[in-house]
Structure formats: structure tokens, C-alpha cells
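Following numbering that gives the first Met the number 0, the numbering of the sequence shown begins with 0 at its first residue and continues without gaps. Structure first, then comments.
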Amino acid sequence: MTYRNILAVAVMATFLFTNCSSSNKKAAADPHVRTKNDDKADSLLLVYNPAKGNKFIADFVQNLHKKYGFNGNMLVAKDGKIIYEKAIGWADYLHRDSLKINSEFELASVTKTFTSVAIMQLIEKGKLSLKDDVKKFFPNFPYDGINIKLLLSHRSGMMNYVYFTDGIWKDKKKPMSNMDVMNLIAEYKPARYAAPDTRFHYNNSNFMVLGAIIEKVTGKKYADYMMENVFKPAGMKHTHVYSTTVYPKIPVDVVGHDRTWRYSVVQNFLDGPVGDKGIYSTVHDLVLYDNALRTGRLLTKPSLDSAYTGHNKAINGHFNYGYGWRMFDGENGRKVVYHTGWWHGFRHIYVRDLDKNIVVIFLGNLTNGSLLHLDDLYKYLKMPVIRKGAYSGNGSLPGSDED
Numbered sequence: 000m001t002y003r004n005i006l007a008v009a010v011m012a013t014f015l016f017t018n019c020s021s022s023n024k025k026a027a028a029d030p031h032v033r034t035k036n037d038d039k040a041d042s043l044l045l046v047y048n049p050a051k052g053n054k055f056i057a058d059f060v061q062n063l064h065k066k067y068g069f070n071g072n073m074l075v076a077k078d079g080k081i082i083y084e085k086a087i088g089w090a091d092y093l094h095r096d097s098l099k100i101n102s103e104f105e106l107a108s109v110t111k112t113f114t115s116v117a118i119m120q121l122i123e124k125g126k127l128s129l130k131d132d133v134k135k136f137f138p139n140f141p142y143d144g145i146n147i148k149l150l151l152s153h154r155s156g157m158m159n160y161v162y163f164t165d166g167i168w169k170d171k172k173k174p175m176s177n178m179d180v181m182n183l184i185a186e187y188k189p190a191r192y193a194a195p196d197t198r199f200h201y202n203n204s205n206f207m208v209l210g211a212i213i214e215k216v217t218g219k220k221y222a223d224y225m226m227e228n229v230f231k232p233a234g235m236k237h238t239h240v241y242s243t244t245v246y247p248k249i250p251v252d253v254v255g256h257d258r259t260w261r262y263s264v265v266q267n268f269l270d271g272p273v274g275d276k277g278i279y280s281t282v283h284d285l286v287l288y289d290n291a292l293r294t295g296r297l298l299t300k301p302s303l304d305s306a307y308t309g310h311n312k313a314i315n316g317h318f319n320y321g322y323g324w325r326m327f328d329g330e331n332g333r334k335v336v337y338h339t340g341w342w343h344g345f346r347h348i349y350v351r352d353l354d355k356n357i358v359v360i361f362l363g364n365l366t367n368g369s370l371l372h373l374d375d376l377y378k379y380l381k382m383p384v385i386r387k388g389a390y391s392g393n394g395s396l397p398g399s400d401e402d
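Structure follows, in C-alpha cells:
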């Protein structure tokens, strides 16, 4: 072999080695590709020794249960470490089944944060734009001027399909799908609550439509997209989308109850649409979700910053709504993002203090007012009190924007 041939071979080998190394680095950097090290790191986030649980929080939760009737699972984590967790009460009162820490709850409107993540992912991939009109995807949609940005921020002015469809959907034993609701809206053209982009009006229709758009753009079921692009990359192995269009009986052990235990709240035709609700998860998986968001595994920082920016008039001086997230904006840029949930016997709050790296999770399956009594816990954790009634200022009437 001549010197020239040897040199050519050496150059080619170097080129191939460099490109293979570059490809391996890119593969390793792909946030959707999980490794054994990712699973190991996630498992460390979920380590908890009950013997070392925080005494103040333990007493607080016990009092919340005895005095105010909290029934559910809760967890507090700080700086990537669980400092207290508890499953307290019944998963199913009728059958006297107790809750377990890994029990899956219907997340109700906490689901909206996940739908927002999916939409922002599709925007990052260039498959959607905040300015895209709903009619681009559903030409028979009866309203003009409603785009993705207005849906994400609850400024579309749409009516709430939960109430609109109740008198129209004839066979209450047959669940509706997102497309069924979209077709009903196109056919009946229900009156809007307000003109687009004139005011904040929280309602489920906005995120039901976003769920339909996800399915239309990706060609996948909402459940499949979320599993492949959100749950699996985040390491959430106990999180699923359950719709009554697919599951006549939702396969979880936790049942929602009315405030006096008089009856269990049974799923019905309104448990078919997803995007506004329909995700089931555990307190541990919500810790992993927080971690995946903070570490950039699911979205880039510019996307998260946009989602965490208030796009409405602040309520009582501090509270606002971004893209699928409620938020508290405090002094010196202090920001807490959160979401509440209230649906068919479930009531929750999921709070993420971005500055202090604190996660507070209460998933309840008894719809009473116990979660209005968390002030002392927030104060103990040196967090802002996440309750609108604790502040005064301009904004909507109390409760007018709640789940």
C-alpha cells in the first residue's frame, strides 16, 4: 500500500470515528432517549424513609385529615428529596379499600399542564404555531378568531362543553370522544361566553379542543402521543390516559367520592373527552414530571418561560394564568406555578415553587374544602400562600375562574 493510500485510509477512519462519536453524543443528548442512569437518578428522587419524615408536616396532614376531612395522597419534596409523603384514607369507601402511596388518581384539570406541554412540543417541532386558527384543523368550527394561544390561556370566549352537551347527548351510556364534541359544536353552534381575546374565562372547552388538535396534527390518539412524548421521557411509569371511549371501566383502584361519603361518583359520558382531564397519575410520578420539566427533558427553557408567563390580568395582584399553568408572581421575580383539579369526586392541587425547588402535591378523592386550609404548610415551607382569598386586589370574582 502506498503512502498516499495509507494517508487516505487514515483520513477516512478519522472522519468515521469523529462522526460516530458525534452521533453517539447527539443520541445521548436526546432528552427522549432514556438510559439506565436516568432511571437510577429518578429512583433516587423517590427515596423516602418514613422514620425520617418531617414531623411538622406529619402533624399538619393528620390535622387536615381529622379536622377538615382530607382523604387522599400527599407529598412534599425539596431540592430533589422527599421530606414527607402520606396515603391517608380510603381509595374506595364502599369496599373499604385503603389508599396506597402508588395509587393512581384522575388528575382532573392538572391534566391541562400536560396538554400544554404537548402543544408546546409540537410548536418547537414546527408542527404548530400559537397563531394557528382552530379552523385550520377543523374547517367546520363555527367561531372565527380563536387560535391556539387563546385556547392555552383561556381567552377564547368559548362556552363550556361540559354544560352544553348535557342536554344534547342523547345516549348517556355512550361516552363522547373529542371528535364527538367538536362535531356537536359545529352542528349546534352554541353561543359564546365572550368575544375572543376580550377576557379570561377558564373552562374545559379550551383544552378539549387542544386535545383534538393534538390528535389531528400527530395522527395519533392523545393517549399514545402523551405516552411516547411526555410520560416515557419523564420516566412516569404509572401515568396513563384513560377515556371511557376506550375503557368502559377505568382500570384504577381510586374512586372519587362526594363530600359526605354518601356515594361514589361514577364515570359517565363526560369522561370520554381528554386533554382537559383524563390523565391518571401518582404523587411519585408527579415528582418525576416536575424534574423532567426543570431539567429540560420535555421542553426548552424559552418554551417553559412562555408557558409560565401570565397572559391575563392578574387576580388579587399575584395570580395569573399562562399556557396551561396557574401561577403566583411574587416580589423580586418570585414565581410559583401550579394547577388545581376538581372533577367527579376528585380534588387536587399540584404546586411547584420554581425558585425554592419545592413540590407540594395533594391528590384527594373526597370533594370537600380541605385543600383551602393549607396556609400553615405554605408558611412553614417559606412559600407564598397559594390561595386567592389570602390576598386583596383587582381581578375576577372569587371562584369565577376555578375548576
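Yeah, the Cβ is synthetic: ideal placement off N, Cα and C, and Gly gets one too.
Of the residues the options, the one placed nearest residue i, counting alpha carbons only
i: A194; options: I249, I118, D143, T114; result: D143
i: D374; options: Y288, G79, G321, A389; result: A389
i: Y187; options: I167, G368, Y288; result: I167
i: Y337; options: N331, Y322, H343, E214; result: Y322
i: A90; options: G71, V75, G79; result: G71
i: D131; options: W324, K219, I147; result: I147
i: Q266; options: R258, F113, K276; result: K276
i: N228; options: D284, T281, P138, A117; result: A117
i: D284; options: K35, K54, F55, F113; result: F113
i: V359; options: G368, V384, W342; result: V384
i: Y201; options: S152, N101, K378; result: S152
i: Y67; options: D328, R258, T197, D354; result: R258
i: L129; options: L376, A306, Y349; result: A306
i: Y162; options: P301, K172, S204; result: S204
i: K172; options: K300, P247, L63, L43; result: P247
i: R325; options: K80, L353, Y47; result: L353
i: F199; options: A185, D58, F318; result: F318
Same chain, Cβ closer than 7 Å to residue i, neighbours up to 5 away in sequence not counted
i: R346; result: G340, G363, T366, L370
i: P232; result: P30, H31, R33, A291, R296, L297
i: G271; result: P174, M175, S176, S242, T243, T244
i: A190; result: M158
i: S97; result: W89, A90
i: S22; result: The predicted model places S22 with a pLDDT of 46, which falls under 50 and marks its position as unreliable; any figure quoted below should be read in that light. None.
i: L303; result: L292
i: M428; result: In the structure as shown, the chain begins at 0 and stops at 402. Residue 428 is therefore absent and cannot be evaluated.
CB of residue i within 9 Å of CB of residue j, strictly
i: N356; j: K77; result: yes
i: E105; j: V251; result: yes
i: L93; j: V254; result: yes
i: V245; j: A222; result: yes
i: I87; j: V60; result: yes
i: Y320; j: G332; result: no
i: L183; j: T164; result: yes
i: K65; j: L74; result: no
i: K111; j: F206; result: yes
i: V264; j: G368; result: no
i: L376; j: I56; result: yes
i: S155; j: V208; result: yes
i: D41; j: G234; result: yes
i: H237; j: T281; result: yes
i: F136; j: F361; result: no
i: I314; j: G392; result: yes
Residues near residue i by beta carbon distance below 6 Å, same chain, minus five either side
i: G52; result: Y83
i: H405; result: Outside the displayed range of the chain (0 to 402) lies residue 405, so it cannot be described from this structure.
i: F140; result: V133, K134
i: S260; result: Correcting the residue type first, residue 260 is Trp in the shown sequence and not Ser. Only Y92 meet the Cβ criterion.
i: R351; result: D289, V336, V358
i: R386; result: none
i: K126; result: V216
Endpoints, alpha helix (DSSP H) assigned at residue i
i: R351; result: Per DSSP, R351 belongs to no alpha helix (DSSP H); it is in the beta strand (DSSP E), 345 to 352.
i: D170; result: Premise fails: D170 is in no alpha helix (DSSP H) and is neither H nor E.
i: A50; result: Where A50 is concerned, there is no enclosing alpha helix (DSSP H), given that its DSSP letter is neither H nor E.
i: I212; result: 204 to 217
i: V180; result: 177 to 187
i: F113; result: 110 to 123
i: Y241; result: Counting along the chain, Y241 falls outside any alpha helix (DSSP H), and DSSP gives it neither H nor E.
i: N36; result: 35 to 44
i: Y379; result: 374 to 379
i: K148; result: 147 to 151
i: Y160; result: 160 to 163
Range of the contiguous beta strand (DSSP E) that encloses residue i
i: F327; result: 325 to 328
i: S280; result: 278 to 280
i: I360; result: 357 to 363
i: A403; result: Absent from the model: residue 403. The displayed extent of the chain is 0 to 402, so no value can be given.
i: K417; result: No information on residue 417 is available, as it lies outside the stretch 0 to 402 that the chain covers here.
i: F318; result: 318 to 320
Contacting residues, own chain, Cβ-Cβ under 8 Å from residue i (five flanking each side not counted)
i: R95; result: W89
i: M225; result: F113, A117, V240, I278
i: A26; result: With a pLDDT of 44 at A26, under the threshold of 50, the modelled position of this residue cannot be trusted, and the question is left open.
i: K378; result: V384
Interface flag, residue i vs chain D, CB-CB below 9 Å
i: G368; result: No chain D appears in the structure shown, which is made up of a single protein chain.
- Query: Considering only residues of the segment 291 to 316, which uninterrupted alpha helix (DSSP H) runs meet the minimum length of 4 residues and lie entirely inside it, listed in chain order?
  - Reply: Here the runs fully enclosed are 300 to 306.
Subject >> Segments of 4+ residues assigned as alpha helix (DSSP H) that fall wholly inside the segment 54 to 91 >> reply: Correct list: 54 to 67.
Q.
Threshold first: 3 residues or longer. Then list the beta strand (DSSP E) segments lying entirely within the segment 250 to 275, N to C.
A. Counting only runs of 3 or more, we get nothing.
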